[in-house]
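Take 467 as the starting number for the sequence shown in our numbering and just add one per residue. Backbone N, C-alpha and C fix where the C-beta goes; we use that ideal spot for every residue, glycine too.
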Amino acid sequence: RFRIDGVLQEAGRFPKEYYENILNRVKVEARLRIDEHYSAQDGAIRYTLKGKDDSVDVRISIVPTLDGEKIVLRLLAGYTRSLTLADLGLSPENQNLVEDAGKKPFGMILITGPTGSGKTTTLYALLKTLNRVDVNITTIEDPVEYKIPGINQIQVNNQTNLTFSQGLRSIVRQDPDIVLVGEIRDEETAEIAVNASLTGHLLLSTFHANDAATSILRLLDMGIEPFLLASTLEVVGSQRLVRKICEHCKASFSLDKKTLIKDIPLAAPFFKESKITIYKGKGCDVCNHTGYRGRVAIYEFIKVTPEIEELIMHNPSSEAIWKESKKRGGQSMFEDGIAKVKEGITTVEEVLRVSSPPEIKK
């Protein structure tokens, strides 16, 4: 099965007797133990495309199951290394917000979302805008997904006790201007990250939370002192990936408000026009008859203003944080998604698949 644009699809089947040979070949290419069948193993393969300068990194994960060893191959295409903030589908307001935060001499920028939502790609794109000869940038990642020229990238190695927290301790002694921590996973890493941003470093990281406001509460729950978090956090964002309408079979449809309310009641309040034009892919050979090809992110960002700093100091709810952000022009992921629907980039169904309208956000 292939997960294409975030959706798992069956691609075909082959006889079971072939599987052992395929499994062993993958293990050899990834330099894993072919005689180990009862432990999880992780590895990587770099594949150079014939006739092209580009390469594809393949992350390998093998785990034992009741039916035998299961292989998952994750493809990391080289073209994403060249993506900039302008390529990510950020609204002009969000792009300016992120770029302004990146110009600060110290502080913390957090991007949240589930695994595979494009968080690292967003941070890499930001790093590329900040990467100059007079700026020392160091990262610690697990794993290093893409090599970026001019940036010092460190890979976590638990076998040598090079964890996120231990690596971050060492990085702050390496005279960095900007530090990227691949993920804040525990209280210790969160505490060191906040202290690093307090001592004159701009720190970028990712975090697992449902939305931007909830991530602030999660950090407080991890034991970060409210006054420290309020004084260091500059911007927190959250994102999801939605499928893009296939450009080869895109078609437009006109709906009136009554039909929209009947067919898509959750999204109807976000369309103010009496006549609405929406787009869908009819399905063609290029998109494998799905109507979609490629993905784009939908975002929400919270800029930590003095008013939000004050909220953080007094045990806030996520609703209070989001309400204050809305006063300053903040836009939810759902609203960003609806804007992309109106532009003909994606569909309402895709936006509803990964997000909820603000009034019913969980």
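{"Asked": "So for LYS536, helix, strand or coil by DSSP?", "Found": "strand"}
{"Asked": "Quick check on the DSSP output: the beta strand (DSSP E) that includes ASP523 runs from which residue to which?", "Found": "521 to 531"}
{"Asked": "So is ALA717 buried or exposed if we call it buried at 16+ other beta carbons inside 10 Å?", "Found": "exposed"}
{"Asked": "Please look up how many angstroms separate the CB atoms of GLN705 and TYR765, rounded, as I've assumed it's under 8 Å.", "Found": "5 Å"}
{"Asked": "Counting pairs of beta carbons, one from the stretch 647 to 660 and one from the stretch 627 to 638, are three or more of them closer than 8 Å?", "Found": "yes"}
{"Asked": "Once DSSP output is grouped into helix, strand and coil, what is the label at LEU515?", "Found": "coil"}
{"Asked": "Can you list, in chain order, the residues of its chain whose CB lies under 7 Å from that of GLU816, leaving out five sequence neighbours each side?", "Found": "VAL708 and ARG709"}
{"Asked": "Kindly indicate the opening and closing residues of the alpha helix (DSSP H) around LYS723.", "Found": "723 to 729"}
{"Asked": "Just how far apart, CA to CA, sit ILE787 and GLY803?", "Found": "21 Å"}
{"Asked": "Assess contact between the stretch 640 to 648 and the stretch 603 to 613, defined as three or more Cβ pairs (one per stretch) separated by less than 8 Å. Is contact present?", "Found": "yes"}
{"Asked": "For GLU766, which beta-bridge partners are listed by DSSP?", "Found": "SER704"}
{"Asked": "Pull the bridge partners of PRO473 from the DSSP assignment, please.", "Found": "Note on residue identity: the sequence assigns Val, not Pro, to residue 473. DSSP, once it has assigned bridges, lists ILE470 as partnering VAL473."}
{"Asked": "Tell me, to the nearest whole angstrom, how far the beta carbon of VAL762 is from that of GLY555; I am working on the premise that it is less than 8 Å.", "Found": "4 Å"}
{"Asked": "Does the count of Cβ pairs from the stretch 690 to 701 and the stretch 791 to 802 closer than 8 Å reach three?", "Found": "no"}
{"Asked": "Go to MET799, then tell me how far its beta strand (DSSP E) extends in each direction, as first and last residue.", "Found": "Here MET799 belongs to no beta strand (DSSP E); instead the alpha helix (DSSP H) covers 799 to 808."}
{"Asked": "Using only the alpha-carbon positions, how far apart do GLU799 and VAL494 sit?", "Found": "Here residue 799 turns out to be Met, not Glu, going by the sequence shown. About 43 Å."}
{"Asked": "How would you label ILE488, buried or exposed, when you count the other beta carbons within 10 angstroms and need 16 or more for buried?", "Found": "exposed"}
{"Asked": "If we ignore side chains and look at the alpha-carbon of each, how far apart do SER548 and LYS728 end up?", "Found": "43 Å"}
{"Asked": "Along the chain, which unbroken stretches of the beta strand (DSSP E) at least 3 residues long are found entirely within the stretch 608 to 689?", "Found": "618 to 621, 644 to 647 and 668 to 673"}
{"Asked": "Could you please give me the residues that DSSP links to MET779 through a beta bridge?", "Found": "Bridge partners of MET779: none, in fact."}
{"Asked": "In the DSSP assignment, what residue or residues form a beta bridge with ILE577?", "Found": "THR672 and GLY703"}
{"Asked": "Exposed or buried, which one is VAL660 when buried takes at least 16 other CB atoms within 10 Å?", "Found": "buried"}
{"Asked": "Please classify LEU532: is it buried, with 16 or more other beta-carbons within 10 angstroms of its beta-carbon, or exposed?", "Found": "exposed"}
{"Asked": "Give a yes or no on whether 8 Å exceeds the smallest Cβ distance from ARG709 to chain B.", "Found": "No chain B appears in this structure, which consists of one protein chain only."}
{"Asked": "I need the DSSP call for THR604, collapsed to helix, strand or coil.", "Found": "strand"}
{"Asked": "Pick from SER671, LYS536 and SER681: whose alpha carbon is nearest that of ASN490?", "Found": "LYS536"}
{"Asked": "Excluding five sequence neighbours on each side, which residues of the same chain lie with their C-beta closer than 7 Å to the C-beta of GLY472?", "Found": "LEU707, ARG709 and ARG761"}
{"Asked": "Do you know offhand how far LEU818's Cα is from TYR485's?", "Found": "38 Å"}
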